[in-house]
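Residue numbers (the UniProt record's numbering): 1 to 363. Notes for the one structure printed next.
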């Protein structure tokens, strides 16, 4: 969470180190979570085998007393605060899980006993007994007892903030693409419909004229009037449908623009935080440690491109090639990795590199 909450560094080298750190922490987290699930399963099996619990042969009064005792124990355990250390937390979770299983077992046994009519308060009338059982809170609790969702262990959160941001960007992009596609196809649909409507109206006019020549003039005039009225109604209905589609499309475009503006403001705030972090590092408040490195931040003496960080190199001149090695292992590097990445200026004395003034890039 700490790594994902930080802003991504601006320079390429810090971004690579940031991605490597996130990948390493993610792999370790997945491995720890897998071991935790296995440990919980093994402890639950061993704990359940050493604590036998049975409701066989219990009558209604005994089951009700067991249910009341387990309910009180369950509520007391939930009201207690969660321990700080991991082992105590696992023990607390396993104890709650065991009590929950036993409570569900007793509830189901009570439901079966009441369905058989073993309760001392049950009536002899089948209809009243059935209605009472359907409204029994214990039966309703037993039906819904398996719907509880446990939170993730050790305070883990999924999906992560980075995934949610990426999902917001993807949704906004798809919404804008959908709006553009709808506008394109709606215009094309309108043109095609207009062409077909004109052709249909022309054919109808020709047909009606042919009929009018063969029939009485008065009857033909009435039919013509009715046809024109039907056409007007049809046109109004089509116009209303078109306006509704246009309204829906405009509303989607408005929401997409609002979401894009919110994302832009959010990204601007993130950029401002990043620039503030760079400024604090340049003023000596943490130096390269503010971005996960070591030492101080420098810049090119010629073009003032920065920040430049010297991780642990004591001989910039002899190590300024593409075959750099560290502890006997070859390290992948570009040609002249210690030169200024912007203007290729180089000085073997690290103290001759000016301290970074907090302004990224050449200036």
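Where is the CB? At the ideal position from N, CA and C, for every residue including glycine.
- Residue 316 and residue 308 do not touch by the CB rule: their CB atoms are close to 11 Å apart, not below 8 Å.
- In this structure, DSSP gives residue 297 an extended state, which the three-state scheme calls strand.
- Annotated three-state conformation of residue 25 is helix, per DSSP.
- Contact annotation: residue 256 and residue 181 have beta-carbon atoms that are not nearer than 8 Å.
- The Cβ atoms of residue 109 and residue 58 lie closer than 8 Å to each other.
- By the Cβ neighbour-count rule, residue 210 is exposed, with fewer than 16 other Cβ atoms within 10 Å of its own.
- It is roughly 52 Å from the alpha-carbon of residue 237 to the alpha-carbon of residue 272.
- For residue 355, DSSP records a beta bridge to 298.
- Counting along the chain, residue 363 sits inside no alpha helix (DSSP H), nor does DSSP assign it H or E at all.
- Residue 308 is bridged by DSSP to 298.
- Straight-line measurement puts the Cα of residue 72 at about 11 Å from the Cα of residue 79.
- Note that the C-beta distance between residue 66 and residue 111 is not below 8 Å.
- Inclusion of residue 103 and residue 70 in the CB contact set at 8 Å is warranted, their separation being smaller than that value.
- Around the beta carbon of residue 77, a 10 Å sphere encloses fewer than 16 other beta carbons of the protein chains shown; the residue is thus reported as exposed.
- Per DSSP, reduced to three states, the secondary structure at residue 273 is helical.
- Nearest C-alpha to residue 305 among 81, 240, 346 and 101: 346.
- Between the C-alpha atoms of residue 235 and residue 188 there is a straight-line separation of about 18 Å.
- At least 8 Å separates the beta-carbon of residue 175 from that of residue 231.
- Per the C-alpha coordinates, the member of 24, 258, 303 and 169 positioned closest to residue 361 is 303.
- Annotation: the continuous alpha helix (DSSP H) that includes residue 69 extends over 60–79.
- In this structure, residue 259 keeps its C-beta atom at 8 Å or more from the C-beta atom of residue 339.
- If you compare the alpha carbons of 208, 269 and 194 with that of residue 227, the shortest gap goes to 208.
- With fewer than 16 neighbouring CB atoms inside 10 Å of its own CB, residue 28 falls in the exposed class.
- When the Cα atoms are used, residue 24 and residue 74 turn out to be separated by approximately 39 Å.
- Closest in alpha carbon position to residue 225, among 205, 214, 240 and 243, is 205.
- Under the three-state reduction of DSSP output, residue 250 falls in the helix class.
- Contact annotation, residue 186 with residue 249: C-beta distance approximately 7 Å; criterion of less than 8 Å satisfied.
- For residue 300, the closest alpha carbon among the candidates 265, 342 and 262 is that of 342.
- Residue 310 is not a Cβ neighbour of residue 356, given a cutoff of 8 Å.
- Note that the C-beta distance between residue 169 and residue 263 is below 8 Å.
- Residues 70, 73, 74 and 77 of the same chain have their beta carbon placed closer than 7 Å to that of residue 99, with the five preceding and five following residues left out of the count.
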